[in-house]
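Participant: Please read through the structure below; I'll follow up with questions.
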Amino acid sequence: MSELDEELWQWCQREVPFAVATLVGVRGSAPQALGAFMAVNSEGQVLGGLSGGCIEGAVYDLATSLLPGGAPRLATYGVSDDEALGAGLSCGGTLEVLVVPFGLPDRALVSEVVSSKKRAEPVALALVTMGERLGASLGIWPDRAEGSLGTGQLDLAVTAEAQRLLKKGENAVLRCGPRGDVRGRPPGRAAVSRARGEMEVFVQAFLPPPRFIVCGASDLASALARLGCCLGYRVTICDARALFAVPERFRDAAEVVCDWPHRYLSSTAVDERTVICVLTHDPKFDVPALEVALRGPAAYVGALGSRPAHEHRLAMLRAAGLGTEELRRLSSPVGLDIGAITPEEVAVSVMADVVRRRRGGTGLPLTERSGPIHSTPSVSGQMTLPTG
């Protein structure tokens, strides 16, 4: 459970009035992904953020003006807006922010959603962002739904679509009709028709944190655990040597496992979001672990070592029966070339490559590129959620 979740959950338990501002639309360049949130309570406390500082002041003023019992508001901040320029939105994008003051019944729903995240249970939250019932919310779990967006038909339709998105860990903006018909947002985002009873619903999926499995209990593994935890991963350190696989050495890791890495990888849950890094430098550990990892669905498989060590590993993996496509998935020598020397610097190099692969970056210095610094966030792609 993140510190943001913990604080928000405490607000719910104390019944402190609060409003939540959610980034529900982006056009052009933006520093945050859809679903980023900022919460403001009646005591003036703030959680989270939306733009890295550009519009937080303006959103804070709007949120506090709606407490304790104001109506939800959809605000737009763009480079051509005087208010946005005053707030410092200089990245050139346009942000749509839904600000919802939560009453007692809705606070109970927020508390239940956050509690599910605490238990690492998949859950989605649907919010009406345009049309009637602006700000109405629906919590969706794999087997149930709580709250309402307005009608039973709409709730059933959005629940079915949200459960489908939840299986893939995707977010989406849905255009919904009055009879519960649900479809994706059309290109250009034409305004919804109030006369036809249309509305838009933003569905945000929260999955348990992705896994980061580090094979080899070393100083680098400790640095990777710290950075991986900061980036939202659930880190596991695995090493067959009991002398090194000591939990006290890796306080940022969720678990430390004393087992042969290949045996552990064969028996534990690995999915399309999992990152695996092999650090042991010893073929009797590295090669069997990489053989299992490269045949599985992991998003990223990296191995530490020199170029001669890498060529030797490749020859052994080919001899073990791995094909060209499987070997192409291996990032080795692992990391980006930043001149790293210390374990902490090498960890930055490795995690930078993990982020680059996940987000589709080039790895080049921004000074050597042109165009927007921030890519336009996808509403349907997998993304890191600040409350995850």
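Numbering (the working numbering), first residue to last: 757 to 1144. All C-beta atoms in this analysis are idealised placements derived from N, C-alpha and C, irrespective of residue type, glycine included. Since this is a predicted model, take the numbers as computed values, not measurements.
#1: Kindly indicate which residue of Thr1098, Ile1032, Val802 and Arg900 has the alpha-carbon position closest to the one of Gly1052.
#2: For the beta strand (DSSP E) containing Thr1058, name the first residue and the last one.
#3: What are the start and end residues of the beta strand (DSSP E) that includes Leu854?
#4: Taking the alpha-carbon of Gly972 as reference, which of Val1012, Leu930 and Asp1027 has the nearest alpha-carbon?
#5: Give the single residue among Met955, Gln801 and Gly781 whose Cα lies nearest to the Cα of Ala831.
#6: Considering only the alpha carbon of each residue, which of Gln909, Leu921, Pro1099 and Arg1007 lies closest to Asp937?
#7: Rounded to whole angstroms, what is the Cα-Cα separation between Arg1019 and Ala1045?
#8: Express the C-alpha separation of His1037 and Leu1083 in angstroms, rounding to a whole number.
#9: May I have the straight-line CA-CA distance separating Ala827 from Arg1115, to the nearest angstrom?
#10: Of all the options Asn797, Gly804, Leu803 and Tyr833, which has the alpha carbon lying nearest to the alpha carbon of Ser821?
#11: Pull the bridge partners of Cys1014 from the DSSP assignment, please.
#12: Beta carbon of Leu1073, beta carbon of Val1048: below 8 Å?
#13: Looking at the unbroken beta strand (DSSP E) that takes in Cys932, where does it start and where does it end?
#14: Indicate the three-state DSSP secondary structure (helix, strand or coil) for Arg829 in the structure shown.
#15: Just to confirm, are Ala1001 and Cys985 a CB contact at a threshold of 8 Å?
#16: How close, in whole Å, do the beta carbons of Tyr1056 and Val991 come, if the pair is a contact with beta carbons under 8 Å?
#17: Out of Leu930, Leu983 and Phe968, state which residue places its alpha-carbon closest to the alpha-carbon of Met955.
#18: The alpha helix (DSSP H) spanning Gly908 covers which residue range?
#19: Is there contact between the segment 915 to 925 and the segment 848 to 863, where contact requires at least three CB pairs shorter than 8 Å?
#20: Between the Cα of His1068 and those of Lys1040, Ala814, Leu1092 and Val772, spot the shortest distance and give me the residue it belongs to.
#21: Which residues in the same chain as Pro898 place their Cβ atom closer than 7 Å to its Cβ, once the five residues preceding and following it in sequence are excluded?
#22: Tell me which residues share the same chain as Pro857 and place their Cβ nearer than 6 Å to its Cβ, disregarding the 5 neighbours each side in the sequence.
#23: Would the beta-carbon of Met1107 fall within 8 Å of that of Leu987?
#24: Of all the beta strand (DSSP E) runs that stay within the bounds of the segment 886 to 910, which reach a length of 3 or more residues?
#25: Give me the Cα-Cα distance between Arg967 and Ser978, rounded to the nearest whole angstrom.
#26: Measure the C-alpha to C-alpha separation of Ala783 and Asp817 and round it to an integer number of angstroms.
#27: With a Cβ-Cβ cutoff of 8 Å, do Ala1096 and Val1104 count as a contact?
#28: Please state whether DSSP places Asp837 in a helix, a strand or coil.
#29: Spatial neighbours of Gly906 within its chain, please: CB distance less than 7 Å, with the 5 preceding and 5 following residues excluded, ordered by chain position.
#30: Do Gly1058 and Ser1088 have their C-beta atoms within less than 8 Å of each other?
#31: From what residue to what residue does the beta strand (DSSP E) around Val796 run?
#32: Rounded to whole angstroms, what's the CA-CA distance from Tyr989 to Ala901? Just pull it up for me.
#33: So is Gln788 buried or exposed if we call it buried at 16+ other beta carbons inside 10 Å?
#34: Under 8 Å, Cβ to Cβ, is there at least one residue of chain D near Leu1050?
#35: Beta strand (DSSP E) containing Val802: first to last residue?
#36: Quick check on Phe774: does DSSP put it in helix, strand or coil?
Facilitator: Quick answer:
#1: For Gly1052, the nearest C-alpha among the options comes from Ile1032.
#2: The question names Thr, yet the displayed sequence has Gly at residue 1058. In this chain, the beta strand (DSSP E) harbouring Gly1058 covers Tyr1056 to Ala1059.
#3: Leu854 -> beta strand (DSSP E) spans Thr850 to Phe858.
#4: Ranking Val1012, Leu930 and Asp1027 by Cα distance to Gly972 puts Val1012 first.
#5: Distances from the alpha-carbon of Ala831 to those of Met955, Gln801 and Gly781 put Gly781 closest.
#6: Distances from the alpha-carbon of Asp937 to those of Gln909, Leu921, Pro1099 and Arg1007 put Gln909 closest.
#7: Between the C-alpha atoms of Arg1019 and Ala1045 there is a straight-line separation of about 8 Å.
#8: Computed Cα separation, rounded: 18 Å.
#9: Going by the C-alpha atoms only, they are around 36 Å apart.
#10: Nearest option by C-alpha distance: Asn797.
#11: DSSP output for Cys1014 lists Asp995 as bridge partner(s).
#12: The answer is no: Cβ separation not under 8 Å.
#13: From DSSP, the beta strand (DSSP E) with Cys932 extends over Ala928 to Cys932.
#14: The three-state reading of DSSP puts Arg829 in strand, counting E and B together.
#15: No, they are not a contact pair.
#16: No, Tyr1056 and Val991 are not in contact; Cβ-Cβ is about 14 Å, not under 8 Å.
#17: With distances taken between Cα atoms, Met955 lies closest to Leu930.
#18: Residues Gly908 to Lys924.
#19: As far as the Cβ criterion goes, the segment 915 to 925 does not touch the segment 848 to 863, which means the pair count is below three.
#20: For His1068, the nearest C-alpha among the options comes from Lys1040.
#21: Result list for Pro898: Pro878, Gln919 and Leu922, in chain order.
#22: These residues qualify, in order along the chain: Ala775, Leu822, Leu823 and Gly826.
#23: Less than 8 Å separates the beta-carbon of Met1107 from that of Leu987.
#24: Restricting attention to beta strand (DSSP E) runs no shorter than 3 residues, the segment 886 to 910 encloses them at 893 to 897 and 900 to 903, ordered along the chain.
#25: Straight-line measurement puts the Cα of Ser978 at about 15 Å from the Cα of Arg967.
#26: Residue identity check: residue 783 is Arg in the sequence provided, not Ala. The straight-line gap from Cα to Cα measures roughly 23 Å.
#27: For Ala1096 and Val1104, yes; Cβs fall inside 8 Å.
#28: Only weak support exists for where Asp837 lies, its pLDDT of 47 falling under 50; the coordinates are left without a value.
#29: Glu888, Arg889 and Ala892.
#30: Ser1088 sits close to Gly1058, with the two beta carbons spaced by under 8 Å.
#31: Here the beta strand (DSSP E) through Val796 covers Phe793 to Asn797.
#32: For Tyr989 and Ala901, the distance between alpha carbons rounds to 27 Å.
#33: The residue is buried, with at least 16 neighbouring Cβ atoms inside 10 Å.
#34: Of the protein chains in the structure, only one exists, and it is not chain D.
#35: Val802 to Gly804 is the span of the beta strand (DSSP E), which, as asked, contains Val802.
#36: The answer is strand: DSSP assigns Phe774 an E or B state.
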